[in-house]
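**Q** For the sequence shown, my numbering gives the first residue as 1061, with consecutive numbering after it.
Note that beta-carbon positions come from the ideal geometry of N, C-alpha and C, so glycine has one too.
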Amino acid sequence: MATGTSVPKLERHAASSPSLLTSYQVAPPDKYNIGDSWKTWSLVFKVYLEERGTLSDKDKKVALLSCLSIKAVEELQAICEPSEPLNDAIKFEDLMDSLNKRYLERTNDTLERNKFFQLRMGASSLKEFVTVLKKAAASCKFPTAYYNMALTDGFILGVPDHIRSTLIRSKPSNLPEALELAETVQLSKSSLDARPQSSGDLNINQIQRKGHQRTTQKKGQKGQPSSAPAGNGDQRCQSCGRTDHLRRNCRHLETTCNHCSKKGHIEAVCRAKQKPSSPPLQRSGQKNQRVTCVRVNNVESVAPPFSILTKMEGVPVEMEFDCGAGCSIIPRSIWKKIKKPPLRPTSTRCFTYTGAEIPIDGEASITVVIDERAARVPVLVTANTAPIMGRSWFASFDIDLRKSLIHLKKMDNAVNAVATKPSAPTALPAASLTAPRLEKEKGTTEASLAALLNDYPEVFAEGLGYCTKLKASLQLKDDAKPVFIKARPLPFALK
């Protein structure tokens, strides 16, 4: 009965004060502190006033002052000086206008739009990105007719590349359509990434992962399996270094590295190049030299290379005669066969024809015998290059290429150590390159030269030649200085 008698009292109390319940249905907003978003707070305050019903202008001013912090009230008093905020001469709307001018953030529309179109999705979801775009668009003041189009364009520009390409082809007309299509593309990609790999891929990735872990223990660097999707995060393809595909889909899986001659990667990501096996050598007092040594890359050619038989520390070694190499080189395996002569640091740097640097273990002085002529000569030791006899030994063994052209008339095809498949290396007698043997050929060489001069006298005549096909003039500067330019390599199609 007690409960039954309380209901009529509550109803009578509500009837006598109809605004009592409505006055407290919405709690007043938190006090506004300077630094908060005035735009958001003023909206909540307006909702609070609407919920309280019809209020007088003075009641609105009282409610406003009660919801402001002490600092905000002090600034409002300063704005109203010399009067007071509660003065009847000052209206509530005047107070709100003053506060709007004081606390509303002043923005540059052009700058805000520039920031809007630079927004990117990043690690957020598609729907979260849409919310961020709409929030940023509020301060851009886009024209009403362009608002939806701006949201769609900003969404397309901010999503990842694989989603953007599909959206550009599909040309969605509004943001909901673009969002639906983007979710479809993202779901399809997730399904493809989650599919099980074939057994071949699993085995390959397992081997590569083990090898990378061994490297990580040596270097102390962080490593990731090469099978991880390179497009997500910082994972890079171990075959080419790019981040937009998996390694199993890389077009360089069958490419041969120019540095280590192994298949499966290019020189830019070669681990052997990044981690040379030989210890770093200290620089000596020698002058820095840049030597081009081109016997690294295997390029097919019809001309076989020339070889020469030598004895290094009493051990027979067949070397490749290469007048295109500025130094003589032996691999580490031959260096071990000749009882590992002491190595000293060298500042000489060797490069392949493609510009890749060849790691040098050091330089050794060895005794070499060629055609019963012995000499103490320097040689560079590398990891796995072929033994090459370069120009650095020519003076020690009286080798003169100008007198040996009769024996090396095909050397232009064999220079730069071009490896061949169809034919085996041609052995070149060492004696044919030395001065005593060349003296026997002197008469033949001079006769051939004389015949050549007689056949083309106009070519070898003194003075400048002249053009007979057309009228031409050559303008020369009086103070011009001759410039030496290295001969350009002949294209393979013309060799």
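Between which two residues does the alpha helix (DSSP H) holding L1217 run?
**A** Element bounds for L1217: 1204-1218.
**Q** Residues in its own chain within less than 7 Å of V1104 by CB, not counting five upstream and five downstream?
**A** P1089
**Q** Helix, strand or coil, according to DSSP, for L1554 in the structure here?
**A** helix
**Q** Taking a contact to mean a Cβ-Cβ separation below 9 Å, would you say P1145 touches L1155 in this structure?
**A** yes
**Q** Go through its chain and collect everything with a Cβ distance to V1219's Cβ below 8 Å, but skip five positions before and after it.
**A** M1181, L1186, F1189, L1227, A1242
**Q** With a threshold of 7 Å on Cβ separation, who are the neighbours of C1140 within its own chain once the five nearest residues in sequence on each side are excluded?
**A** I1150
**Q** Leaving out five residues on either side along the sequence, give the residues of the same chain with a beta carbon under 8 Å from the beta carbon of T1315.
**A** Excluding residues within five positions, the ones whose Cβ falls inside 8 Å are S1299, K1323, G1324, H1325, I1326.
**Q** According to the Cβ coordinates, are K1201 and D1169 closer than 9 Å?
**A** yes
**Q** Please report the residue range of the alpha helix (DSSP H) in which K1099 lies.
**A** 1098-1112
**Q** If you run the structure through DSSP and keep just helix, strand and coil, what is K1175?
**A** helix
**Q** Below 7 Å CB to CB, which residues in the same chain sit around S1230 once its five sequence neighbours on both sides are set aside?
**A** The residues are L1241.
**Q** Measuring CB to CB, does V1439 end up less than 9 Å from S1425?
**A** yes
**Q** Need the endpoints of the alpha helix (DSSP H) that M1156 sits in, please.
**A** 1152-1163
**Q** Does DSSP classify P1339 as helix, strand or coil?
**A** Here P1339 scores only 46 on pLDDT, less than 50, and its place in the model is too uncertain to base an answer on.
**Q** Along the chain, where does the alpha helix (DSSP H) containing T1412 start, and where does it finish?
**A** Taken as a continuous stretch (DSSP letters only), T1412 belongs to no alpha helix (DSSP H), as it is neither H nor E.
**Q** Check whether the Cβ atoms of I1398 and E1373 lie closer than 9 Å to each other.
**A** yes
**Q** State the DSSP-derived secondary structure class of A1435, mapped to helix, strand or coil.
**A** strand
**Q** Pick out whichever of C1410, Q1137, L1193, T1114 has its Cα sitting closest to the Cα of L1125.
**A** Q1137
**Q** Would a C-beta distance cut-off of 9 Å place A1210 and A1197 closer than the cut-off?
**A** Judged by their CB atoms, A1210 and A1197 are nearer to each other than the 9 Å cut-off.
**Q** Return helix, strand or coil for D1304, following the three-state DSSP convention.
**A** The DSSP-derived three-state label of D1304 is coil.
**Q** From W1453 to K1333, what distance separates their C-alpha atoms?
**A** 28 Å
**Q** How about F1152 and K1106: do their beta carbons lie closer than 9 Å?
**A** no
**Q** In the DSSP assignment, find the alpha helix (DSSP H) that holds D1538 and state where it starts and stops.
**A** Run containing D1538: none; DSSP gives neither H nor E here.
**Q** What residues are listed by DSSP as bridge partners for S1425?
**A** P1438
**Q** Which of the three DSSP states is assigned to K1371 in this structure?
**A** strand
**Q** In the DSSP assignment, the beta strand (DSSP E) including I1389 goes from what residue to what residue?
**A** For I1389, the enclosing beta strand (DSSP E) begins and ends at 1389-1391.
**Q** Quick one: measure Cβ to Cβ for A1183 and F1215, integer angstroms, because I've assumed they're closer than 8 Å.
**A** Contact doesn't hold; Cβ gap of about 16 Å is too wide.
**Q** Measuring only the C-alpha atoms, how far is H1133 from S1251?
**A** Residue identity differs from the one stated: residue 1133 is Val in this sequence, not His. Near 58 Å, if we compare the C-alpha coordinates of S1251 and V1133.
**Q** In whole angstroms, give me the CA-to-CA distance for P1542 and E1506.
**A** 31 Å
**Q** Quick one: residues in its chain with C-beta nearer than 7 Å to the C-beta of K1328, no 5 flanking neighbours on either side, listed in chain order?
**A** Reading off the sequence, residue 1328 comes out as Ala, not Lys. Taken in chain order, the residues that qualify are G1301.
**Q** A1416: which of I1394, N1309, C1330, D1539 sits nearest, CA to CA?
**A** Cα-wise, what sits closest to A1416 is C1330.
**Q** Restricting to Cα atoms, I'd like to know which of E1110, S1102, V1429 is closest to S1158.
**A** Minimum Cα distance to S1158 is reached at S1102.
**Q** What are the boundary residues of the alpha helix (DSSP H) that C1140 is part of?
**A** 1130-1140
**Q** Short of 7 Å in beta carbon distance, which residues of its chain neighbour D1117, apart from the five on each side in sequence? Order them along the chain.
**A** Contacts found: K1151, F1152.
**Q** When you compare the CB positions of L1171 and L1193, do they come within less than 9 Å of one another, or not?
**A** For the 9 Å CB-CB criterion, L1171 and L1193 do not form a contact.
**Q** May I have the straight-line CA-CA distance separating P1236 from N1093, to the nearest angstrom?
**A** 37 Å
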